[in-house]
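Enquirer:
Residue numbers (this note's numbering): 1 to 328.
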């Protein structure tokens, strides 16, 4: 049995259609007209123990709604969720013992207390054995560089410092599953790298299952092995990250430095992104042509001095997918 099972999951919200003006206000008050909005539409997936999953999509795609249903914060309109054999919204306390969660800028640390006091409270709440607590605290302090932060009040920490403490607090009780919703938002590159390394290290050591939602696709690139891609509440891809890149990222962007250009360059099966006197940026698919053929064509127009090739990255691929979806 999978650690997380999601079958035919649907979440629908009712919103009031508001009318302008004073008359509209009283109409809304006395006889509100409701409109239904479906945030998650018949979503299905299973996640095994130890998986690192990127749950990806644009704003409003249904990512955070799904995570809130998995944690038990929201009740599904229909469908079924089992997390470690538990229905989250029916047994929230039991479910919470097995999970950890970070929701963007929402803190689980006590604002006016030193960080270490928050950790001690978490220890009591989750009944973490003393030796396990000390072992985790020591390890997390070293990896996330928390030594100078433990005695500071949470309200006096910078965003990056607070997020490192949040991540430590989330993993402190050795949860089976951790949901990370925008864990690196607004952080500098160094802090992001530390958090990514920490997640991978804990996953490798303890087989902690991690579901990561983020707009920083470098998080997905560096941490996750699997991608679930949402668009308008529905899954449009679920599979290995590398297979996703192989399937959708067949194009290559190349930049060529040229000289002695006789005229504007025209190429077959190639999209010209930029063309100047000394530079040419092109985009092409491996299925349609090769760089050898392209260079042979270009050499009829000019002399090639240098070439730099860049394989499509996850962010580029997703932009192309969404661009295509929005044209439909």
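Glycine included, each C-beta is placed from N, C-alpha and C at the ideal position.
Could you give the DSSP three-state label for residue 328: helix, strand or coil?
Expert: With a pLDDT of 39 at residue 328, under the threshold of 50, the modelled position of that residue is not reliable, and the figure given next carries that caveat. If DSSP states are grouped into helix, strand and coil, residue 328 belongs with coil.
Enquirer: Got a sec, what are the start and stop residues for the alpha helix (DSSP H) residue 169 sits in?
Expert: Where residue 169 is concerned, the enclosing alpha helix (DSSP H) stretches over 159-171.
Enquirer: Quick one: grab the DSSP three-state call for residue 65.
Expert: Three-state result, residue 65: helix.
Enquirer: Applying the criterion that 16 or more other CB atoms from any shown protein chain within 10 Å of the CB defines a buried residue, is residue 266 buried or exposed?
Expert: So residue 266 ends up on the exposed side.
Enquirer: Give every residue of the same chain whose Cβ lies closer than 7 Å to the Cβ of residue 187, excluding the five residues on either side of it in the sequence, and list them in chain order.
Expert: Excluding residues within five positions, the ones whose Cβ falls inside 7 Å are 159, 160 and 163.
Enquirer: Could you tell me the boundaries of the beta strand (DSSP E) in which residue 9 lies?
Expert: Its beta strand (DSSP E) spans residues 4-16.
Enquirer: By DSSP, does residue 280 sit in helix, in strand, or in coil?
Expert: Three-state DSSP puts residue 280 in a strand.
Enquirer: Under the three-state reduction of DSSP, which class applies to residue 176: helix, strand or coil?
Expert: In this structure, residue 176 counts as coil in the three-state DSSP scheme.
Enquirer: Taking the beta carbon of residue 292 as the centre, do at least 16 other beta carbons fall within 10 Å, making it buried, or is it exposed?
Expert: Answer is exposed; the Cβ neighbour count stays below 16.
Enquirer: Taking the continuous alpha helix (DSSP H) assigned at residue 293, which residues delimit it?
Expert: Looking at the DSSP string, the run of the alpha helix (DSSP H) that includes residue 293 is 291-298.
Enquirer: Give every residue of the same chain whose Cβ lies closer than 6 Å to the Cβ of residue 4, excluding the five residues on either side of it in the sequence, and list them in chain order.
Expert: Around residue 4: 47 and 83.
Enquirer: Between the beta-carbon of residue 100 and the beta-carbon of residue 170, is there less than 7 Å?
Expert: Contact flag set, yes.
Enquirer: Using the Cα positions of residue 27 and residue 70, report the straight-line distance between them to the nearest angstrom.
Expert: Cα to Cα, the separation comes out at about 37 Å.
Enquirer: Suppose you measure from the CA of residue 257 to the CA of residue 181; what does that come to, to the nearest Å?
Expert: Roughly 42 Å between the two C-alpha positions.
Enquirer: Who does residue 354 pair with in a DSSP beta bridge?
Expert: This structure gives no information on residue 354, because the portion of the chain shown stretches from 1 to 328.
Enquirer: Does the beta-carbon of residue 116, which I'm using as the reference point, lie nearer than 6 Å to any heavy atom of the ligand ZN?
Expert: The model depicted lacks the ligand ZN and carries no ligand whatsoever.
Enquirer: Here's a check: name, in chain order, each residue in its chain whose Cβ is nearer than 7 Å to the Cβ of residue 327, leaving out the five neighbours to either side.
Expert: Its pLDDT being 46, under 50, residue 327 is placed unreliably in this model, and the coordinates cannot settle the point.
Enquirer: Could you please give the first and the last residue of the uninterrupted beta strand (DSSP E) stretch that includes residue 132?
Expert: Residue 132 -> not in any beta strand (DSSP E); alpha helix (DSSP H) instead, spanning 130-144.
Enquirer: Under DSSP, the beta strand (DSSP E) around residue 77 begins and ends at which residues?
Expert: Segment: none, residue 77 is in no beta strand (DSSP E) and carries neither H nor E.
Enquirer: Going by C-alpha distance, which of 29, 2, 67 and 77 is nearest residue 14?
Expert: The shortest Cα separation from residue 14 among 29, 2, 67 and 77 belongs to 77.
Enquirer: Tell me residue 309's beta-bridge partners as DSSP assigns them.
Expert: Answer is 254.
Enquirer: I'd like the list of long-range same chain contacts for residue 248, defined as Cβ closer than 6 Å, with 5 residues on each side in sequence excluded.
Expert: Only 317 meet the Cβ criterion.
Enquirer: Bridge partners for residue 274 per DSSP, in chain order?
Expert: The partner list for residue 274 (beta bridge, DSSP) reads 281.
Enquirer: From 306, 251, 11 and 288, pick the residue whose C-alpha is nearest to that of residue 233; which is it?
Expert: With distances taken between Cα atoms, residue 233 lies closest to 11.
Enquirer: With which residues is residue 108 paired in a DSSP beta bridge?
Expert: Its beta-bridge partners do not exist; DSSP assigns none.
Enquirer: Please list, in chain order, all residues of the same chain as residue 278 whose beta carbon is under 7 Å from its beta carbon, the five residues on each side excluded.
Expert: Here the set comprises 257, 258 and 259.
Enquirer: For residue 82, does the three-state DSSP call read helix, strand or coil?
Expert: Residue 82: strand per DSSP, three-state reduction.
Enquirer: Using only CA atoms, which one of 153, 117, 165 and 207 lies nearest to residue 144?
Expert: That would be 165, whose Cα lies nearest to the Cα of residue 144.
Enquirer: Can you give me the C-alpha to C-alpha distance between residue 270 and residue 33, rounded to a whole angstrom?
Expert: One C-alpha to the other measures close to 52 Å.
Enquirer: Beta carbon of residue 49, beta carbon of residue 209: below 7 Å?
Expert: Cβ atoms of residue 49 and residue 209: closer than 7 Å.
Enquirer: Tell me the rounded alpha-carbon separation between residue 16 and residue 62.
Expert: C-alpha separation (whole angstroms): 20 Å.
Enquirer: Whole angstroms are fine: how far does the CA of residue 126 sit from the CA of residue 173?
Expert: C-alpha separation (whole angstroms): 7 Å.
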